[in-house]
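Student: Numbering (our numbering), first residue to last: 3 to 171. One structure coming up, written as structure tokens, with questions to follow.
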Amino acid sequence: MATTYRTGLRKAPLLLLLGTLLAGCASSSDGFVEEGRNDDTLEHNAVKAVMQGLGAVDPSERPIEYKPRAPLVVPPNSNLPAPQAAGSADPRFPRNPEDVADEQRRAAMKGETGKDGRIMTPDELAKYSIPGAGKNTRYDPDQGRRLTPDELKGQGQSNEEAVKRAANP
3 MATTYRTGLR
13 KAPLLLLLGT
23 LLAGCASSSD
33 GFVEEGRNDD
43 TLEHNAVKAV
53 MQGLGAVDPS
63 ERPIEYKPRA
73 PLVVPPNSNL
83 PAPQAAGSAD
93 PRFPRNPEDV
103 ADEQRRAAMK
113 GETGKDGRIM
123 TPDELAKYSI
133 PGAGKNTRYD
143 PDQGRRLTPD
153 ELKGQGQSNE
163 EAVKRAANP
């Protein structure tokens with residue numbers, strides 16, 4: 003058993019060297035042709051080759067050709083046409099969605115007032131509740147207030163007893 007182990011240890015470096023040589027022979031190019039551009043580093047070319055092999059980079063991609071832009075056209079004279087009136091906008095012209103939303107919001111705000119033009123109170127709004135539209139609760143301006151110890155004592159009892167205890171400390 004010890005001899006087979008020693009023989010395996012002797013063969014391991016040889017197999018490693020042979021595997022490295024075979025991997026070098028399996029490359030896609032010959033050793034005389036340089037891959038990539040001349041100004042790229044060896045690491046950059048290696049990463050590019052791997053990415054092309056994975057299909058992440060198109061191998062036939064050409065670099066962008068930058069050309070000078072055409073010169074700007076200068077008008078023949080400096081006479082400008084007179085501005086048009088603001089109210090003469092074409093009705094077929096598309097409107098800005100934000101402006102339309104602002105107009106709808108303003109129209110909705112105008113609709114919240116009562117008959118006399120003032121904003122209705124919560125008590126007035128409670129008169130117009132829709133039956134079956136959910137829980138009907140009264141308006142409590144101090145809804146998040148802390149409970150007193152007496153109110154906390156009445157939590158386990160009926161609601162009427164808790165109200166009496168809170169009213170008469």
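Quick reminder that beta carbons are idealized off the backbone N, C-alpha and C, glycines included.
1) Give the range of the alpha helix (DSSP H) segment to which residue 109 is assigned.
2) Tell me the rounded alpha-carbon separation between residue 47 and residue 23.
3) Using a threshold of 7 angstroms, is the CB atom of residue 68 nearer than that to any non-hydrogen atom of the ligand SAM?
4) Compare the beta carbon distance of residue 168 and residue 153 with 8 angstroms and say whether it is the shorter of the two.
5) Output the distance between the C-alpha atoms of residue 102 and residue 110, rounded to the nearest integer angstrom.
6) Taking the C-alpha atoms as reference points, what is the distance between residue 140 and residue 88?
7) Check for me: the alpha helix (DSSP H) holding residue 128 runs from which residue to which?
8) Under DSSP, the alpha helix (DSSP H) around residue 69 begins and ends at which residues?
9) Thinking C-alpha only, which one of 161, 64, 143 is nearest residue 123?
10) Return the bridge partner residues of residue 132 from the DSSP annotation.
Tutor: Inspection of the coordinates gives the following:
1) Where residue 109 is concerned, the enclosing alpha helix (DSSP H) starts and stops at 99–112.
2) Their backbone Cα atoms lie some 21 angstroms apart in a straight line.
3) With respect to the ligand SAM, the structure offers nothing, as it holds no ligand at all.
4) In contact: residue 168 and residue 153 (Cβ atoms closer than 8 angstroms).
5) Using only the alpha carbons, I get a separation of about 12 angstroms.
6) One C-alpha to the other measures close to 50 angstroms.
7) Under the DSSP assignment, residue 128 falls in the alpha helix (DSSP H) whose first and last residues are 124–128.
8) Per DSSP, residue 69 belongs to no alpha helix (DSSP H) and is neither H nor E.
9) Nearest of 161, 64, 143 to residue 123, Cα basis: 143.
10) DSSP output for residue 132 lists no bridge partner at all.
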